[in-house]
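Anchor point for the sequence shown: position 106 equals 106 in our numbering, and the numbering is continuous, going up by one each time.
Glycine included, C-beta positions come from ideal geometry on N, C-alpha and C.
Below you'll find the structure, written out as structure tokens, and then a few comments.
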Amino acid sequence: MADTAIYIQNEEFDIGTLSEQVRAADGSSGALVTFTGIVRELEVADSHLDALFLEHYPGMTEKALHAIADQARQRWELGNIVICHRVGRLSLNENIVFVGVGSAHRQNAFDAAQFIMDYLKKDAPFWKKEITDQGESWVEQKQSDLDAADNW
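Spelled out as structure tokens, the structure:
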């Protein structure tokens, strides 16, 4: 029986441990696709990123991530799904998000992982603040993220 695991946490996560959760104990998944998002430097030349600060609405966020995983299951035959998103203060090069998808077939796993990430960026209730050497500012949702979700 396929499972969906959702984690919202301040602590660092272990990619290997989460990947093992994606692997089906019954051997039904022939493909595992994982994605890990990492805090990276800003693309703006006149500002240096010190950290990100992410907030969420407990309960609502988990419900939204389960809904996104359910939408993926409606589109593709999938095994286990694991989504882990960090909140709080995150420094450069720290893990911020993990999405893992198992499926009998690789294309379903690839497509579902990308779908989940695209919809996570669009629909998940997270608020992100950039902390730079120029000050702090809340990040607006990017049009490119909205467009990526619309392509599905």
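Report yes if the C-beta distance between residue i and residue j is below 8 Å; otherwise report no.
| i | j | result |
| --- | --- | --- |
| T36 | F98 | yes |
| S19 | G79 | no |
| Q9 | R89 | no |
| L32 | V22 | yes |
May I ask which residues mark the beginning and end of the beta strand (DSSP E) holding residue i?
| i | result |
| --- | --- |
| Y7 | 4 to 9 |
| S153 | Absent from the model: residue 153. The displayed extent of the chain is 1 to 152, so no value can be given. |
| R106 | No beta strand (DSSP E) contains R106, which is instead part of the alpha helix (DSSP H) from 106 to 123. |
| V22 | Premise fails: V22 lies in the alpha helix (DSSP H), 15 to 22, not in any beta strand (DSSP E). |
| E94 | E94 -> no beta strand (DSSP E), and no H or E assigned at all. |
How many angstroms separate the CA atom of residue i from the CA atom of residue j?
| i | j | result |
| --- | --- | --- |
| N108 | W76 | 6 Å |
| V42 | G102 | Position check: residue 42 holds Leu in this sequence, whereas Val was assumed. Each residue's alpha carbon lies about 32 Å from the other. |
| D123 | W152 | 14 Å |
| M167 | H56 | The question about residue 167 has no answer, for the chain in this structure spans 1 to 152. |
| F53 | F126 | 10 Å |
| S91 | D3 | 31 Å |
| E94 | I15 | 12 Å |
| E140 | Y119 | 16 Å |
Just verifying my parser: in three-state terms, what is the DSSP assignment at residue i?
| i | result |
| --- | --- |
| R40 | coil |
| D50 | strand |
| A31 | strand |
Can you tell me where the alpha helix (DSSP H) holding residue i begins and where it ends?
| i | result |
| --- | --- |
| A155 | The requested residue 155 is not part of the displayed model; the chain covers only 1 to 152. |
- Between the region 122 to 132 and the region 47 to 55, are three or more C-beta pairs nearer than 8 Å? With the rule of 3 Cβ pairs closer than 8 Å, the region 122 to 132 counts as touching the region 47 to 55.
- Item | Sufficient close CB pairs (3 or more, under 8 Å) joining the region 59 to 75 to the region 135 to 147 | Flag = no, the region 59 to 75 and the region 135 to 147 do not touch.
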